[in-house]
Each structure stands twice: as C-alpha cells, then as structure tokens.
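Residue numbers 1110 to 1247, in our numbering, belong to the letters of the sequence shown in order.
Positions of the beta carbon are idealized from the N, C-alpha and C atoms, including for glycine.
Quick caveat: nothing in here was measured; it's all calculated off a predicted structure.
Here the structure is laid out as structure tokens; the discussion comes afterwards.
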Amino acid sequence: MARKQMVLSNKEELKSDLELAKYFKAFELSTEFRRIKFSDKSLFHHLPRLIKAGIEYQFLSYYFGSVPKWRVLARKLLSAKRIAPDYVMTGPSKSGSSDLVSHLLLHPNILHPLAKELRLYANKDWRLYYPTVKEKKI
C-alpha cells in the first residue's frame, strides 16, 4: 500500500513539474539564446537551433518578459470579449512575488494572463493579455 502511494505521489510531482516547466519555457529559451550569443562559435553554427527556438518562443502560452507584438495584435483583431483579472499581484523587487505567482499559476482554477508583467503603452489594451470569457467558462 505504501509503495502504491509513493508511485502516485511521484506521478503527481512529475505532473506538477511539467506544468511548472510550461511557465518557465520563455526564460529557458532566452537563456539558451544568450548562451549561444556569447559562445565562441558563430551564430550561423547554431542557426537551426536558433530558428527552432525562435519559432517556439512565438507560440508560448505564458511569457515572463515581453510578448511578441503580433500576438497582441492578433488578439486585438480577433476582439473576443476578455475577462478582467480576479486579482492583481504587486510587490517590490526581491520580495518573492515571482515564486508566489509560479505557485498560483499551478492551481487548476486560476487562468493565467499572457505575460507576467504587462508592458502597456495604452491603458485601453490591458485586457488583451487576459483570457476570453469563453475560456473562463470551460
């Protein structure tokens, strides 16, 4: 019985780790790009990997930094009704807010925005970063 519980626990931990990895993919891709950029070999040597990572970055479900402009424009053009956030998390630098956000994003009842930090030039566009009403009902 204890072995069966341990196997279930390991499966739950693996599922949790995979879910968390989804949110950190943007960070991993940008770190990989910096590693390649400052390596001894030319960028052309790493071109296939750079192209693959660049395409993958365009279609991520969550960004820690800036979102590709075409993604925001596409959301604006499709103009589906979007929800307002149920909570807004603020905090000073180095206060653990990123860790708290990463744990909150794993909760099944929380829909994540497109990016952790919204960099807006016009306040009217803030809803573009949030899920649609239809996604919330699912």
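In the DSSP assignment, Val-1181 falls within the alpha helix (DSSP H) that extends over 1178-1187.
A straight-line Cα-Cα distance of about 11 Å links Arg-1191 and Asp-1234. Going by C-alpha positions, Ser-1151 is about 14 Å away from Ile-1160.
Our two residues, Ile-1247 and Leu-1156, have alpha carbons roughly 40 Å apart in a direct line.
In the structure shown, Arg-1191 adopts extended strand secondary structure according to DSSP, grouped into three states.
Proximity of the region 1218-1236 to the region 1169-1183 meets the contact definition, three or more beta-carbon pairs being nearer than 8 Å. For Tyr-1171, the secondary structure class from DSSP, reduced to helix, strand or coil, is coil.
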